[in-house]
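In our numbering, the protein residues as written are 1483 to 1657.
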Amino acid sequence: MSSDFKATNELFIDYLTSRKRARATIVAYKKDIEQMLAFLESMGKKSIKEVTFDEVSAFLKKLASDNYTPKSVSRKINSIKTFFRYLKGAGKITSDPAGEIEHPKYEVKPPRILSKLEYRALRDACRGDVRMYAIVELFLQTGVRIGELAALTTSDVKGNELHVAYWGTCCINNK
C-alpha cells in the first residue's frame, strides 16, 4: 500500500480511537478502508487526493460482483463515508468522493428469537458461574448490545440498580 494511503488510514484509525468507537467498529472500518485502498491502488491511484466518485463507485460495483450482500456493501459504505468525511473535515481532501454514494436497498430481517428450550438451555449452562449467569441474564432480559455489556463495570451498579449507558440511560431495578 502506498505511504500516503497507509498514513491516511492510520490517521483515520487514530481518529476513531480518540472518538472512543467500539473496538469491533474500529477493526471493521480498518479492514473496509484497507480493502478499498488496495482496490484504488490496483487502479493506479497513489494519493487519497486523486480519488473520485467514479472510483469509489467502481469499488462498490466490484463488491457486488464479488457476491457481497447488499447489507455488507451498505456497512462498507458507512465505513467509506465516515473515512472521507473525516478526511475532508481534517483538511486532507477538498471534496468528498463518497458524499453522494447511496446505500443499496436490502431487506431488514427481524432478529431470530430463541425458543423456550434454547432460552432455558442457555440459562442452565451458566448457572454454576455467577458472573456468566449475570451476563447472560442481562443480555437476555434487556437486549443490551454486546459492546455495551462488555463495557460494564462494578461502578455501574448503584445500590439495587444497574445503570447501562446506551442511546439513553437504562435503569434496571433489582427489587
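Just so it is clear, CB atoms sit at the ideal spot from N, CA and C, and this is done for glycine as well.
- Judged by DSSP in its simplified three-state form, E1619 adopts helix.
- Rounded to the nearest angstrom, the gap between the Cα atoms of F1487 and A1580 is 16 Å.
- In this structure, DSSP gives L1596 a state outside helix and strand, which the three-state scheme calls coil.
- Assigned with DSSP and collapsed to three states, L1644 falls in strand.
- The beta carbon of S1529 lies closer than 6 Å to those of D1486 in the same chain, with the five residues before and after it left out.
- DSSP links V1639 through a beta bridge to L1644.
- Your pair E1582 and F1535 checks out as a contact, with CB atoms roughly 6 Å apart and the cut at 8 Å.
- Burial state of I1628 is exposed, judged by a 10 Å Cβ sphere holding fewer than 16 other Cβ atoms.
- Separation of the CB atoms of S1561 and Y1511 is rounded to 4 Å, and the pair is thereby assigned contact status at 8 Å.
- Per the coordinates, the alpha-carbon of R1594 lies some 15 Å from the alpha-carbon of V1626.
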